[in-house]
Amino acid sequence: MESHAYSIFTYSGDIGLTLIKYNEYFRFTNQAAGIGLPFVTWMLLTTDEALLNRAEAYVMLQDYENAVADINLMFSTKTAGYDNSSIITPSDINDPNGPFAFTDSNLYTPFYTLSANDLPYINLILTMRKSIFYNEGLRWFDIKRHNIEVIHRNANVNGGTTSTFTLTKDDNRRAVQIPSDAQAFNIAPNPR
Numbered sequence: 001m002e003s004h005a006y007s008i009f010t011y012s013g014d015i016g017l018t019l020i021k022y023n024e025y026f027r028f029t030n031q032a033a034g035i036g037l038p039f040v041t042w043m044l045l046t047t048d049e050a051l052l053n054r055a056e057a058y059v060m061l062q063d064y065e066n067a068v069a070d071i072n073l074m075f076s077t078k079t080a081g082y083d084n085s086s087i088i089t090p091s092d093i094n095d096p097n098g099p100f101a102f103t104d105s106n107l108y109t110p111f112y113t114l115s116a117n118d119l120p121y122i123n124l125i126l127t128m129r130k131s132i133f134y135n136e137g138l139r140w141f142d143i144k145r146h147n148i149e150v151i152h153r154n155a156n157v158n159g160g161t162t163s164t165f166t167l168t169k170d171d172n173r174r175a176v177q178i179p180s181d182a183q184a185f186n187i188a189p190n191p192r
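For the sequence shown, the residue numbers in UniProt numbering are 1 to 192.
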């Protein structure tokens with residue numbers, strides 16, 4: 001039997017395909033009538049996030065062996081049919097022609113310094129974070145921390161034109177706006 005991190009159940013709507021990531025729980029308010037309140041649980045800090053944060057911290061310390069160990073642990077638990085003999089090595093990540101090849105040195109420009117050796121590892125970890133934390137809102141922290149340009153393509157499903165929306169690295173909209181309650185006390189809003 002295959003093991004998956006999330007159940008493979010999809011709902012096809014008018015706009016696209018949705019992966020149901022969270023199971024619904026139900027608390028009965030009236031057992032006899034069969035009515036109640038549905039709810040889902042939300043973990044504020046998961047093992048997945050802690051493990052990938054630690055892998056990224058190892059990269060910052062240039063401890064690539066431990067970073068790769070965390071990456072392999074994550075792949076082993078998140079990949080269906082994972083083969084233990086096909087572990088990822090630092091040479092796999094650094095191979096310019098390999099599956100983890102990274103060439104865009106301007107993609108990540110955080111306020112702190114990343115060495116050229118760090119970039120392939122950071123790219124792999126952020127790619128993993130992007131897929132594992134899909135629809136959780138955690139990608140925004142990576143975008144802010146690494147100063148990543150965001151490009152969204154809006155395709156017209158009826159065959160019309162497509163449009164592109166870009167949030168550049170220096171766009172003022174990256175800063176969260178000062179709440180209107182605080183602005184009422186003469187705190188200047190963030191520029192837009």
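Every residue, glycine too, gets a C-beta built ideally from N, C-alpha and C.
Taking the straight line between their C-alpha atoms, what separation do you get for residue i and residue j?
i	j	result
Phe111	Pro189	23 angstroms
Ile8	Tyr134	Only weak support is given to the placement of Ile8: the predicted model assigns it a pLDDT of 46, under 50, and the value that follows is read from those uncertain coordinates. The straight-line gap from Cα to Cα measures roughly 15 angstroms.
Met1	Asp70	Because the pLDDT at Met1 is just 41, under 50, the model does not fix this residue reliably, and the point stays unresolved.
Val40	Pro96	43 angstroms
residue 193	Ala155	Because the chain in this structure spans residues 1 to 192, residue 193 falls outside the shown range and cannot be described.
Glu65	Leu73	12 angstroms
Ile187	Ala175	15 angstroms
Met38	Ala55	Correcting the residue type first, residue 38 is Pro in the shown sequence and not Met. Straight-line Cα distance between these residues: approximately 36 angstroms.
Ser180	Pro99	48 angstroms
Ala182	Gly34	46 angstroms
Ile87	Phe165	38 angstroms
Asn185	Asn147	With the sequence shown as reference, residue 185 is identified as Phe, and Asn is not the correct amino acid for it. Approximately 31 angstroms, taken between the alpha carbons.
Leu138	Gln177	19 angstroms
Thr161	Asp142	30 angstroms
Phe28	Asn158	43 angstroms
Asn30	Trp140	41 angstroms
Gly85	Ala32	Contrary to the premise, residue 85 reads as Ser rather than Gly in this sequence. Those two C-alpha atoms are separated by around 54 angstroms.
Roughly how far, in whole angstroms, is the beta-carbon of residue i from the beta-carbon of residue j, given that I think they are within contact range, below 8 angstroms?
i	j	result
Ile93	Leu124	6 angstroms
Arg172	Arg192	The amino acid at residue 172 is misidentified as Arg; the sequence shows Asn. Yes, they are in contact, since the Cβ atoms of Asn172 and Arg192 sit about 6 angstroms apart, within 8 angstroms.
Leu119	Phe102	6 angstroms
Leu126	Glu149	Rounded, the Cβ-Cβ distance is 13 angstroms, inconsistent with contact.
Ala67	Tyr121	6 angstroms
Met128	Leu61	At roughly 19 angstroms, the Cβ-Cβ gap does not stay under 8 angstroms, so Met128 and Leu61 are not in contact.
For residue i, which residues does DSSP report across the bridge?
i	result
Pro38	Phe26
Val59	According to DSSP, which records beta bridges pairwise, Val59 is partnered with nothing at all.
His152	Phe165
Out of the options, which has the shortest C-alpha to C-alpha gap to residue i?
i	options	result
Gly36	Met43, Phe26, Leu44	Phe26
Val59	Ile87, Asn117, Ser163	Asn117
Met43	Asn23, Glu149, Ile143	Asn23
Lys144	Asp170, Met128, Tyr121	Asp170
Asp83	Met128, Asn53, Phe75	Phe75
Asp63	Ser85, Pro38, Ser86, Pro90	Pro90
Is residue i near the ligand NAP, going by C-beta to nearest heavy atom under 7 angstroms?
i	result
Phe165	The ligand NAP is absent from the structure shown, which contains no ligand whatsoever.
With a threshold of 8 angstroms between beta carbons, is residue i in contact with chain C?
i	result
Leu45	Of the protein chains in this structure there is only one, and it is not chain C.
Contact between the region 127-145 and the region 43-62 (3+ Cβ pairs under 8 angstroms): The region 43-62 and the region 127-145 touch, with three or more beta-carbon pairs separated by less than 8 angstroms.
Three or more C-beta pairs below 8 angstroms linking the region 96-108 and the region 66-83: Judged by Cβ distances under 8 angstroms, the region 96-108 makes no contact with the region 66-83, as fewer than three pairs qualify.
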